[in-house]
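In terms of the working numbering, the sequence shown has 113 at position 113, counting the first letter as 1, and numbering is strictly consecutive.
The beta-carbon is built from N, C-alpha and C at its ideal position, and this holds for glycine as well.
Notes follow the structure.
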Amino acid sequence: MRNDDEQTRALYELCSMTVHFLRLPPPLPISFPTLSFVSYPPPCSSSSRPPQISPVAFGSLFIGISIALMLFGSVTFIIGVVMMPLVITLVTLFYFVGIVSNLSEIGRSILWPAPDSNIFVPVWNYSS
Numbered sequence: 001m002r003n004d005d006e007q008t009r010a011l012y013e014l015c016s017m018t019v020h021f022l023r024l025p026p027p028l029p030i031s032f033p034t035l036s037f038v039s040y041p042p043p044c045s046s047s048s049r050p051p052q053i054s055p056v057a058f059g060s061l062f063i064g065i066s067i068a069l070m071l072f073g074s075v076t077f078i079i080g081v082v083m084m085p086l087v088i089t090l091v092t093l094f095y096f097v098g099i100v101s102n103l104s105e106i107g108r109s110i111l112w113p114a115p116d117s118n119i120f121v122p123v124w125n126y127s128s
């Protein structure tokens, strides 16, 4: 639960930075908690344009975003690689236990067969 909150907070901060740098007019209709500190300039007249972001700043913004996503992906991949031997071991263990269980059932049916079910043995004796 705590990990979801941290991931959600990181995603909101990333979205907040992206919106802040791009300065999208009009503001987003969705209200993010971390976007409360972002203030958009009040709409004055149509002649005043919002400040434009330079192509170099735009490129470096997306390079930073892609590096952050690559780092998160690498961490996820490493966790998967570390957990894979454990998963394979557990699957192999359960498979082995299933084989042993079936072999023991087969051996029990061969060594101690069940009585023939066609022979009727009365439970109650009413002849007395």
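Check, Outcome
"Where residue 123 falls: helix, strand or coil (DSSP)", "coil"
"Stretch-stretch touch, CB-based, cutoff 8 angstroms, three pairs: the region 6-20 with the region 58-76", "yes"
"When 83, 61, 72 and 22 are compared against residue 6, the one with the closest alpha-carbon", "72"
"Residue 10 versus residue 94 - alpha carbon distance", "39 angstroms"
"Proximity test, Cβ basis, 8 angstroms: residue 85 and chain C", "The chain inventory of the structure shown lacks chain C, comprising one protein chain alone."
"Inter-residue spacing [alpha-carbon to alpha-carbon] between residue 86 and residue 99", "20 angstroms"
"C-beta contact flag for residue 22 and residue 53 at 8 angstroms", "yes"
"Simplified DSSP state of residue 104, which is helix, strand or coil", "helix"
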